[in-house]
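Residue numbers (our numbering): 3 to 274.
Inspection log for the structure reproduced underneath, given as structure tokens.
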Amino acid sequence: MKPRPFDYARPDTVDEAVALLAEHGDEARVLAGGQSLMAMMNLRLADPALLIDIARIAGLDAIRDRGDVIEVGAAVTQNKLLAWPGLNTKLPLLAAALPFVGHFQTRNKGTVCGSIAHADPSSELPLSLALLAGEVVLRSRRGERVLTAKDFQRDMLTTARAPDELISAVRFPVDGRRGVAFREVARRHGDFAILAVAAVIDGQYSVRLGIGGMAGTPVVRKSALAGVKDTVETLVNELDVPEDLHASAEMRRDILRNLAPIVVEEARRCAA
């Protein structure tokens, strides 16, 4: 299938982009990399009257080290962030997670902010942003507001972005600790994850766990290192685990039980 006819605009500035969003609201969609949006349009799951292409707006393709956070502009591609020289030292979790995002070709076009905006609960970047307690920067004619990852992603493919708002950047807190790990299970490398698990060692005796694919949003829990299995079992019993054509709820529960201790042990070894 192909998308229905639509209008196309390529603003030169952020102010022009948000003016278009203010004018067209729900009838407009923002295009940066288009790796999710164009597929949804082809399947008629998205049907915008106007596409606002922000890929060439000056400044939106910048990665800025703000000291305590790394700010990633809305047009920064996933491969550009993966190749950023400071990634391994400033954001080692992202260095571990990004190679699981799609394929090299899709990462050349897909943007970091676009993945956050799409809000797939099994996606690697929303999970990483949630685990690191990052922020989303939203711009509109009404000004700028900043939301935590938890407040931004509300449910599967559902966010707190208003129709007139543009995600201008996301901010990842600098966390140079090497005690991190990321793994996922998918039918093929580059496919959407059936289940993803990330871990950040948080002190000598505790760990922060991030889980994607087990609920409508990424799940983050803190656990004692010695109590990871108990924490996982609690999550398995608490969560309303989804079922789809890729995996049953019970399969996802079994994957989590087996994968989480492996990821935590890998993170612990990295921290040693």
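Ideal placement from N, C-alpha and C gives every residue a C-beta, glycine not left out.
Cβ-based neighbour list, residue i, same chain, cut-off 6 Å, excluding 5 preceding and 5 following
i	result
Ala164	none
Ser38	His120
Leu227	Tyr207, Val209
Ile257	Val187, Leu197
Ala278	Residue 278 lies beyond the residue range present for the chain, which begins at 3 and ends at 274; the question has no answer from this structure.
Member of the options whose CA lies at the smallest distance from the CA of residue i
i	options	result
Gly145	Lys4, Asp17, Met3	Asp17
Ile169	Ser125, Thr150, Val138	Val138
Ser250	Val230, Ala273, Ile196, Leu127	Ile196
Arg180	Met158, Val209, Leu159, Arg156	Val209
Pro263	Gly218, Glu186, His191	Glu186
Ala171	Thr219, Glu268, Ala41, Arg68	Arg68
Phe194	Glu25, Arg223, Thr108, Ala273	Thr108
Leu45	Leu159, Leu258, Gly136, Arg6	Arg6
Leu159	Gly136, Ile118, Glu167, Arg141	Ile118
Ala21	Ile56, Glu73, Arg223	Ile56
Pro220	Met253, Thr161, Lys92, Leu89	Thr161
Gly27	Ala85, Val103, Arg143, Ser125	Arg143
Leu140	Asp157, Val266, Glu167	Glu167
Same chain only: Cβ atoms within 8 Å of residue i, ignoring 5 sequence neighbours per side
i	result
Leu95	Ser130, Leu133, Leu134, Asp177, Val182, Phe184, Ala200, Val202
Ala217	Pro123, Leu241, Asp242, Val243, Pro244
Leu237	Ile213, Met216, Val221, Arg223, Leu258
Arg189	Ile196, His248
Whole-angstrom C-beta distance between residue j and residue i, which should lie under 8 Å
i	j	result
Ser225	Leu211	6 Å
Val71	Phe174	6 Å
Arg279	Val230	No information on residue 279 is available, as it lies outside the stretch 3 to 274 that the chain covers here.
Gly75	Leu62	4 Å
Ile65	Leu83	6 Å
Cβ-heavy atom distance, residue i to the ligand GDP, below 8 Å
i	result
Val139	No copy of the ligand GDP appears in this structure; indeed no ligand is present at all.
Nonlocal neighbours in the same chain, by C-beta distance under 7 Å from residue i, ignoring five residues either side
i	result
Cys272	Arg180, Gly181, Val182, Ala183
Thr91	Gly178
Please go through the region 132-185 and give each complete alpha helix (DSSP H) segment of 4 or more residues, from N-terminal end onward.
151-154
Can you confirm whether the region 107-114 touches the region 74-88 when touching is taken to mean that 3 or more C-beta pairs between the two stretches lie within less than 8 Å?
yes
Should the region 18-32 be called in touch with the region 85-105, which here means at least 3 C-beta pairs below 8 Å?
no
State whether the region 240-251 contacts the region 146-153, with contact taken as three or more CB pairs (one from each stretch) at a distance under 8 Å.
no
Unbroken beta strand (DSSP E) runs of length 3 or more, entirely within the region 68-128: which are they?
71-75
Hey, which unbroken runs of the alpha helix (DSSP H) at 4 residues or more fall wholly within the region 215-243?
230-240
List in chain order: all unbroken beta strand (DSSP E) runs of 3+ residues lying wholly within the region 21-54.
30-33
Segments assigned beta strand (DSSP E), at least 3 residues, entirely inside the region 184-215:
197-203, 208-214
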